[in-house]
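To keep things clear, I will list the structure first and then write my remarks on it.
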Amino acid sequence: MKIAYFGSLKTTFVKTGIEQYMKWLKPYTKLNLIALKSGGDLNRDLKEEIQRREADILMKNIRDEELIILEERGKCLSSEEFAGMIDEAQIYSRELFFAIGGYTGFHEEIKNSSHRKISLSRMTFTHEMALLLLIEQIYRSMKILKGEKYHY
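Residues in the sequence shown are numbered from 652 upward in steps of one, following my numbering.
Written as structure tokens, this is what we have:
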């Protein structure tokens with residue numbers, strides 16, 4: 652699995668949490684994090700220009716994976732449903748590519764070309780927090796699929 656996100660990780664506690672979950676995930680799956688350069692600055696660029704640049708950057712990083720974008724209007728899944736999605740991908744040997752949009756959101760091209768749109772919550776999170784929550788849910792999914800204690 653891969654997770655791409657725009658911008659950098661600046662918050663210490665988020666970075667620490669991500670590092671911890673990445674360590675815990677090692678026995679279960681390989682997860683690659685891909686930091687992508689932001690497409691611009693709203694103080695000098697139009698929203699559509701930023702989204703277009705970020706769409707181009709993102710598309711250059713996707714190969715044959717199944718693209719799943721985190722989108723505010725995406726489907727909210729339970730942890731069990733999320734684990735089922737990962738299990739199905741593993742059964743059919745599909746690699747999942749999760750993408751977390753920049754602060755202007757995804758360009759329509761990305762929304763239209765994604766295989767799935769999911770939402771972590773109806774609330775809005777920073778890209779850093781969304782990344783941490785997504786990695787935690789991937790870890791939780793691995794525990795669910797192995798029947799191990801963590802998810803109650």
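Note that beta-carbon positions come from the ideal geometry of N, C-alpha and C, so glycine has one too.
Just so we're clear, the structure is a prediction, and the values are computed from it rather than from any experiment.
- Look at residue 783 here: in three-state DSSP terms it is helix.
- Residues of the same chain with a CB within less than 6 Å of the CB of residue 656, apart from the 5 flanking positions on each side, are 751, 778, 782 in chain order.
- The three-state secondary structure of residue 749, taken from DSSP, is strand.
- When DSSP states are grouped into helix, strand and coil, residue 714 belongs to the coil group.
- The three-state reading of DSSP puts residue 653 in strand, counting E and B together.
- Burial state of residue 663 is exposed, judged by a 10 Å Cβ sphere holding fewer than 16 other Cβ atoms.
- Assigned with DSSP and collapsed to three states, residue 694 falls in coil, not helix or strand.
- Residue 686 has its alpha-carbon roughly 7 Å from the corresponding atom of residue 659.
- A straight line joining the alpha-carbon of residue 760 with that of residue 708 spans about 12 Å.
- Close CB contacts of residue 762 within its chain, under the 8 Å cut and outside five residues either way in sequence, are with 720, 722, 768 (chain order).
- Nearest neighbour of residue 714 by Cα position, chosen from 780, 696, 765, 773, turns out to be 765.
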